[in-house]
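Start counting the sequence shown at 0; every next residue gets the next number (numbering that gives the first Met the number 0).
So the structure is just underneath, and the comments pick up after that.
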Amino acid sequence: MARYNVKQTPKQPEVINHQGGGSYQLDPKMEMVSILATGFDNTYYEKLTDRETRFKTLIVDIAKKEPEFVAKALVYSRAVLGQRSVSQFGAVALTPLLSGRAVARKFFSKRDKKSNKGGIVFRLDDILEIVACYQHFNPGKPLPNSMKKGFKAALEAADAYELAKYQGKNKQVSLVDVINLVHPTPSEMMQETFKQLMTGTLKQFNTVEDKNTKAGQEVAAKVKAGTITKVEAEKELQVAKESNYAELIKTRKIGYLALLRNLRNIVGTTNNAELIKEACEILTDQKLIKQSLVFPHQIDIALEVLIQEVGASKALPFVKACDKAYELAIPNLTELFAHGRTAVVFDSSGSMSSMIKLANKNQGSKSAIEKAALIAATLAKGINADVFHFADRTEGIKYNPLDSVNTLKNQFMKCQGRVGYGTSFHSIFSTIGKNYDRVFVISDMQGNSSLESYAYKNMHVYSIDLVGYGTAMFKPGNKVYPLYGYSAEMYEMVKRVELDPKAIIKAIEAIEI
Numbered sequence: 000m001a002r003y004n005v006k007q008t009p010k011q012p013e014v015i016n017h018q019g020g021g022s023y024q025l026d027p028k029m030e031m032v033s034i035l036a037t038g039f040d041n042t043y044y045e046k047l048t049d050r051e052t053r054f055k056t057l058i059v060d061i062a063k064k065e066p067e068f069v070a071k072a073l074v075y076s077r078a079v080l081g082q083r084s085v086s087q088f089g090a091v092a093l094t095p096l097l098s099g100r101a102v103a104r105k106f107f108s109k110r111d112k113k114s115n116k117g118g119i120v121f122r123l124d125d126i127l128e129i130v131a132c133y134q135h136f137n138p139g140k141p142l143p144n145s146m147k148k149g150f151k152a153a154l155e156a157a158d159a160y161e162l163a164k165y166q167g168k169n170k171q172v173s174l175v176d177v178i179n180l181v182h183p184t185p186s187e188m189m190q191e192t193f194k195q196l197m198t199g200t201l202k203q204f205n206t207v208e209d210k211n212t213k214a215g216q217e218v219a220a221k222v223k224a225g226t227i228t229k230v231e232a233e234k235e236l237q238v239a240k241e242s243n244y245a246e247l248i249k250t251r252k253i254g255y256l257a258l259l260r261n262l263r264n265i266v267g268t269t270n271n272a273e274l275i276k277e278a279c280e281i282l283t284d285q286k287l288i289k290q291s292l293v294f295p296h297q298i299d300i301a302l303e304v305l306i307q308e309v310g311a312s313k314a315l316p317f318v319k320a321c322d323k324a325y326e327l328a329i330p331n332l333t334e335l336f337a338h339g340r341t342a343v344v345f346d347s348s349g350s351m352s353s354m355i356k357l358a359n360k361n362q363g364s365k366s367a368i369e370k371a372a373l374i375a376a377t378l379a380k381g382i383n384a385d386v387f388h389f390a391d392r393t394e395g396i397k398y399n400p401l402d403s404v405n406t407l408k409n410q411f412m413k414c415q416g417r418v419g420y421g422t423s424f425h426s427i428f429s430t431i432g433k434n435y436d437r438v439f440v441i442s443d444m445q446g447n448s449s450l451e452s453y454a455y456k457n458m459h460v461y462s463i464d465l466v467g468y469g470t471a472m473f474k475p476g477n478k479v480y481p482l483y484g485y486s487a488e489m490y491e492m493v494k495r496v497e498l499d500p501k502a503i504i505k506a507i508e509a510i511e512i
């Protein structure tokens, strides 16, 4: 009998998932991370309220022993992954467990983007959302001292632009409300700005919305006074808007996301080729893309809205720029996994029609199948992988590697229904065989039968969970690397996990508050 090279026993499923198949229960930390990465929304198998309850329970259980880890995970979700609602809810859930701890005040402080240190306040409107969330779940209770001190410091560190932009005048909780709660002491230089904020006279500046609103008010006043006609007003307003866009684009004072939101408006107000060219240069500026934390799918949405409302031919320069920007918004994957063969398999089953809330709530939701196809297209183009999709069975997809990521995504999405609507993980490995060094499986990780580890033995398996139900079809460890949600950080993580399967935990632990 062998004494050292003993026979391995296949890992057995531990729990039953939503589809009735055998699955593996995630470690509590990884389950919490899976929710932080995938965000809050009603999903195919789980109501938002149930998800909130599960998330809060995880936070409380983990924070009883490791409150600082939870705090770092929430900051990581907000600052690195770009998640908002889930990190804000988590901050409120964590609050009682930070009581009396030194990290509490720092946790509720402002995140310094240059030094990459600080707390959960990535933007000042995070304060408004956290206060509103706290008051919702704790009616009548005052804000904890740690929260008040952290928010006070954040407001005192804010500049006039931030205070003007995130006033929240029409919100249930405004900056004025927060100031009355935490009583910041502004510097001598900022006293006039705070005075204007408190009296409601602080105006936004150097923003597209502010300039266009002002132009509209001025033109409307002329129409009311009878100095110009409505036809003349429309022409004058268009000229004014073009001038506003020109100023902000030429000086590069327009934010990257603001430019994305206004692409269709720019097309509708100007034919200035030089101005459009400069806007496209901003769109494809790799440094700006990285600084803005823009997600590839946000660019994809902007492109789809642009084509839908304006038409591809009329907006051709921006269509080309968005295609390029989309690919710049993901890490350069050319050298990633340069050796060996890679398969990318995405789930096209019925449950993948579940709508997933994107990190930027103003961009709405997308279906899990669309996100899966987007990731599959990105990996296919980035590392020249073979692509498959699965439901009741698995089939390969032929694609043109010279096509844009957006074109490939649309091609892959059209495959849904072609192999049924069930979810057979077994069919993946019986179809792709064992000739691959690694396989990416993109799914909601809900299958109708258990999956034995021998099926994927000797392969590196990247299990990308888009929904975060808390169970896994693949047992983490032993060449199985769990990844959650969709952001540019996911690709950075992929570069490391083959060497370190606990990379995401280490990345969280490395966060400085």
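C-beta atoms are modelled at their ideal positions from N, C-alpha and C, and glycine is treated no differently.
Is the number of C-beta pairs between the segment 475-486 and the segment 458-466 that are closer than 8 Å three or more? yes
Would you identify the three-state DSSP class for P316, choosing helix, strand or coil? Walking along the sequence shown from the start, residue 316 turns up at place 317. Looking at P316 - three-state DSSP - the assignment turns out to be helix.
Residues in its own chain within less than 6 Å of D427 by CB, not counting five upstream and five downstream? For this step, residue 427 is matched to residue 428 along the sequence shown. Residue 427 is actually Ile in this sequence, not Asp. The answer, listed in chain order, is V344, F389, T393.
Buried or exposed by the 16-neighbour rule on C-beta atoms within 10 Å, applied to H338: Residue numbering aside, residue 338 sits at position 339 when the sequence shown is read from its first letter. Classification for H338: exposed.
Opening and closing residue of the beta strand (DSSP E) in which L482 lies: As a working note, residue 482 is residue 483 in the sequence shown. Unbroken beta strand (DSSP E) run through L482: 479-483.
Between the segment 277-285 and the segment 393-405, do at least 3 Cβ pairs fall closer than 8 Å? no
Based on DSSP bridge pairs, tell me the residues matched to D464. Looking up residue 464 in the sequence shown gives position 465. Note: D464 sits in a beta bridge opposite S442, Y483.
Anyone know if the C-beta pair for L73 and S86 falls short of 8 Å? In the sequence shown, residue 73 corresponds to position 74, counting from 1. In the sequence shown, residue 86 corresponds to position 87, counting from 1. Yes; because the gap between Cβ atoms is below 8 Å, this pair is in contact.
From which residue to which residue does the alpha helix (DSSP H) around Y160 run? Taking the sequence shown and counting its residues from 1, one reaches residue 160 at position 161. Taken as a continuous stretch (DSSP letters only), the alpha helix (DSSP H) holding Y160 covers 159-164.
Just to check my reading of the structure: E51 and F88 have Cβ atoms closer than 8 Å, yes? What is that Cβ distance to the nearest angstrom? What you label residue 51 is simply residue 52 of the sequence shown in a count that begins at 1. What you label residue 88 is simply residue 89 of the sequence shown in a count that begins at 1. E51 to F88, Cβ: 6 Å. Contact.
On the DSSP bridge assignment, give the partners of H459 in chain order. On the sequence shown, residue 459 is found 460 positions in, with the first residue counted as 1. According to DSSP, H459 bridges with R437.
Which two residues bound the contiguous beta strand (DSSP E) that contains E280? Along the sequence shown, one-based indexing puts residue 280 at 281. E280 -> not in any beta strand (DSSP E); alpha helix (DSSP H) instead, spanning 272-282.
Taking DSSP's pairing of strands, which residues face D346 in a bridge? Within the sequence shown, residue 346 is the residue found at index 347, counting from 1. In DSSP, D346 forms a bridge with F389.
Note down the Cα distance separating T56 from L274, rounded to an integer number of angstroms. If you number the sequence shown from 1, residue 56 lands on position 57. If you number the sequence shown from 1, residue 274 lands on position 275. Those two C-alpha atoms are separated by around 52 Å.
Residue environment, F136, which counts as buried when at least 16 other CB atoms sit within 10 Å: Translated into the one-based positions of the sequence shown, residue 136 becomes position 137. F136 should be labelled exposed.
Give the secondary structure of Q89 by DSSP, where H, G and I count as helix, E and B as strand, and everything else as coil. The sequence position of residue 89 within the sequence shown is 90, counting from 1. Here the sequence assigns Gly to residue 89, which means Gln is not the residue at that position. Here G89 sits in helix by DSSP.
Start and end residues, beta strand (DSSP E) containing Q24: Indexing the sequence shown from 1 puts residue 24 at position 25. Unbroken beta strand (DSSP E) run through Q24: 21-24.
Whose CA, out of T200, D125, S145, lies closest to the CA of K170? As a working note, residue 170 is residue 171 in the sequence shown. Ranking T200, D125, S145 by Cα distance to K170 puts D125 first.
How is S452 classed by DSSP in three states: helix, strand or coil? For the purposes of this step, residue 452 is taken as residue 453 along the sequence shown, with counting starting at 1. Reduced to three states, the DSSP call for S452 is helix.
If I follow the unbroken alpha helix (DSSP H) through E511, where does it start and stop? Within the sequence shown, the letter at position 512 stands for residue 511. Where E511 is concerned, there is no enclosing alpha helix (DSSP H), given that its DSSP letter is neither H nor E.
Please report the straight-line C-alpha distance between T226 and Q195, rounded to a whole angstrom. Along the sequence shown, one-based indexing puts residue 226 at 227. Along the sequence shown, one-based indexing puts residue 195 at 196. For T226 and Q195, the distance between alpha carbons rounds to 33 Å.
List the DSSP bridge partners of D111. Counting from 1 along the sequence shown, the entry for residue 111 is found at position 112. Answer by DSSP bridge pairing, in chain order: K116.
Cut-off 6 Å between Cβ atoms - residues of its own chain near A320, not counting five sequence neighbours on either side: Sequence index remark: in the sequence shown, residue 320 carries index 321 (1-based). Here the set comprises C279, L282, T283.
Taking 8 Å as the cut-off, does the segment 142-149 touch the segment 102-122 (at least 3 CB pairs, one atom from each stretch)? yes
If we call anything under 8 Å between Cβ atoms a contact, is S352 one with G20? By 1-based counting over the sequence shown, the position of residue 352 is 353. By 1-based counting over the sequence shown, the position of residue 20 is 21. Against a cut-off of 8 Å, the Cβ pair of G20 and S352 comes out as no contact.
Let me know if Q82 comes out buried or exposed under the rule of 16 or more other beta-carbons within 10 Å of its beta-carbon. On the sequence shown, residue 82 is found 83 positions in, with the first residue counted as 1. Flag for Q82 reads buried.
Start-to-end residues for the alpha helix (DSSP H) that takes in S429: Translated into positions along the sequence shown, residue 429 becomes position 430. Here the alpha helix (DSSP H) through S429 covers 425-431.
Got a sec? Which residues, its chain only, sit under 8 Å from L256 by beta carbon, not counting five neighbours each side? The residue given as residue 256 occupies position 257 in the sequence shown. Excluding positions up to five away in sequence, the list reads S291, V293, Q297, N359.
Just to confirm my understanding: we take G167, look at its own chain, exclude 5 residues before and 5 after, and list those with CB closer than 7 Å. What are they? Walking along the sequence shown from the start, residue 167 turns up at place 168. For G167, where only same-chain residues beyond five positions count, the Cβ hits under 7 Å are D124, L127, S173, L174.
Could you tell me the alpha carbon to alpha carbon distance between E508 and A328, rounded to whole angstroms? Taking the sequence shown and counting its residues from 1, one reaches residue 508 at position 509. Taking the sequence shown and counting its residues from 1, one reaches residue 328 at position 329. Cα to Cα, the separation comes out at about 25 Å.
Does the segment 310-326 touch the segment 397-417, meaning 3 or more C-beta pairs lie closer than 8 Å? yes
Please report the distance separating the alpha-carbon of L305 from that of A78. Stepping through the sequence shown from its first residue, residue 305 is reached at position 306. Stepping through the sequence shown from its first residue, residue 78 is reached at position 79. So the two alpha carbons sit approximately 28 Å from each other.
Let me know the secondary structure DSSP gives N359 once reduced to three states. By one-based count along the sequence shown, residue 359 stands at place 360. Note that N359 scores a pLDDT of 40, beneath 50, so its modelled location is shaky and nothing firm can be said.
On the criterion of 16 or more Cβ atoms from any shown chain inside 10 Å, does G310 qualify as buried, or is it exposed? In the sequence shown, counting from the first residue as 1, residue 310 sits at position 311. Flag for G310 reads exposed.
Residues sharing a beta bridge with A471, DSSP: Numbered from its first residue, the sequence shown carries residue 471 at position 472. Paired residues: Y23.
Within a Cβ cutoff of 6 Å, which residues of the same chain sit near E308, ignoring the five residues on either side of it in sequence? The residue given as residue 308 occupies position 309 in the sequence shown. Around E308: R263.
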